[in-house]
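One gets the working numbering by counting positions in the sequence shown from 1 and adding 93 to each.
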Amino acid sequence: MWRWKSGSVSGSSRSRCSRPDFRRAHFFCTSSPRSTCSGGVWSGSRRWPVPSGGTIGPASFIPLAEETGTILAFGEWVIQEAFRVIQFWSASGRPRIRVGVNVSSRQFWSPTFWTFLREILSRHAELTRWLTFELTETVLMRDPETAGEQLSWLKELGIRIAIDDFGTGYSSLSYLSRFPVDEIKVSQEFVMRMAKSPRDLKLVKTIIQMGKSLRLNLVGEGAETEEEVRMLEGLGCHVIQGFALSRPLPVSEMESFWDQYLEET
C-alpha cells in the first residue's frame, strides 16, 4: 500500500512509486492561485494520488521521474493539460487565465522535448501567450548561450519566462539581464523564514530590489501566514502565492475559487 506521511514517501513505498504508469492516469494537475493587483493568475503544479486516498507532491516524485527518464513523457502530458485548461476556460466564457508549467533540466536539454514543443506550439499558436514556463537558475546556467537562444525563441511565440526558486542559485543581475526573463519567483525557503530571520528578510528585500531594477514581475512563493503576505506586499512584491491564499486546487475546485474571487473583486 502506498502511503502519504507528512509530505514524504516512506521507504517501503519509494520503490513502488519509482515507475509511474501514465496509461492508468495516476497523475492529475492542480493549480495554485495567486493574488495580484490586476486579477487572478494561476500557476500549474502537480499531485500524484495514491490508493490510500492521499497524494504525493512533486518534490517526492519528480526526482524519481528524472532518474527513470519518465519526466519527458510526463512533461509532455503536463503541457497538453495546460493547453486543455486554457481552452476550457476560454470556452466557458470566463476570463482567460495564464498557466505556469515547470520545466526541468532534463526536459530543457533534451532534443525530444524541443521537437515536441515545436509541434504542439504550432497547433496552439493562438494560446501560447497564456502559457508561462518556469525554470530554475541552475537549468539555464548549464549553457547560458544556448539557453538564451531557446528562451528567445519561446518569447517570440508569446510564452512568458519565469525563474523559479530565485535566490537559491546564481542570483545575479548580470545573468538576469542576459536572458529574456519576465518574472522571478522569490524562493519559499526565504519567504517562510523571513519573519524570524533578519538574514532571510534581507535576502528577500535584495531579490525584490533586483527584480524592480530590471522591471520584472515578482512572485513571493510559499507565503503561509497573513504576516508573510503583509511583509511581501510591504516590500513591493507584485504577486503572492502560497497556502495563505489557497492550497493547490484541481480544475473542478479552481472554477469555484475563481468564481468567488470574481464576485469579491
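Note that beta-carbon positions come from the ideal geometry of N, C-alpha and C, so glycine has one too.
Computed from a predicted structure; not experimentally measured.
Here's the rule I'm using: 16 or more other beta-carbon atoms within 10 Å means buried, otherwise exposed. How should E314 be labelled?
buried
Starting from A255, trace the beta strand (DSSP E) both ways and give me its first and last residue.
253 to 259
Using DSSP with H/G/I as helix, E/B as strand and the rest coil, what is T208?
helix
Any idea if R116 is buried or exposed, counting beta-carbon neighbours within 10 angstroms, 16 or more meaning buried?
With a pLDDT of only 46 at R116, under 50, the local geometry of the prediction cannot be trusted, and no value is derived from it.
Smallest Cα separation from E227: which of G241, K278, V297?
K278
Could you name the residues that DSSP lists as bridge partners for T225?
G193, R253
Compare the Cα-Cα distances from I172 to each of E317, G327, R216 and report the closest residue.
R216
Express the C-alpha separation of G193 and L167 in angstroms, rounding to a whole number.
According to the sequence shown, residue 167 is Phe rather than Leu. Each residue's Cα considered, the two are about 15 Å apart.
Which ranges does the beta strand (DSSP E) cover as unbroken runs of at least 3 residues, wholly within the segment 279 to 344, from first to last along the chain?
310 to 313, 332 to 334
Under 8 Å between C-beta atoms of S197 and P341:
no
Would R191 and W170 be called neighbours here (beta carbons separated by less than 8 Å)?
no
Would you give the residue range spanned by the alpha helix (DSSP H) that S270 belongs to?
266 to 271
Please determine if the segment 288 to 299 and the segment 266 to 277 are in contact, where contact requires at least 3 C-beta pairs separated by less than 8 Å.
no
Nearest-angstrom Cα distance between V232 and L269?
13 Å
Which residues DSSP lists as bridging E276, in chain order
A255, N310
Cβ atoms of L220 and I179: under 8 Å apart, would you say?
yes
Would you mind giving the Cβ-Cβ distance between G260 and I300, rounded to the nearest angstrom? I have them listed as a contact below 8 Å.
5 Å
Sorted by chain position, which residues of the same chain lie with C-beta nearer than 7 Å to E174's C-beta, five sequence neighbours on each side aside?
C122
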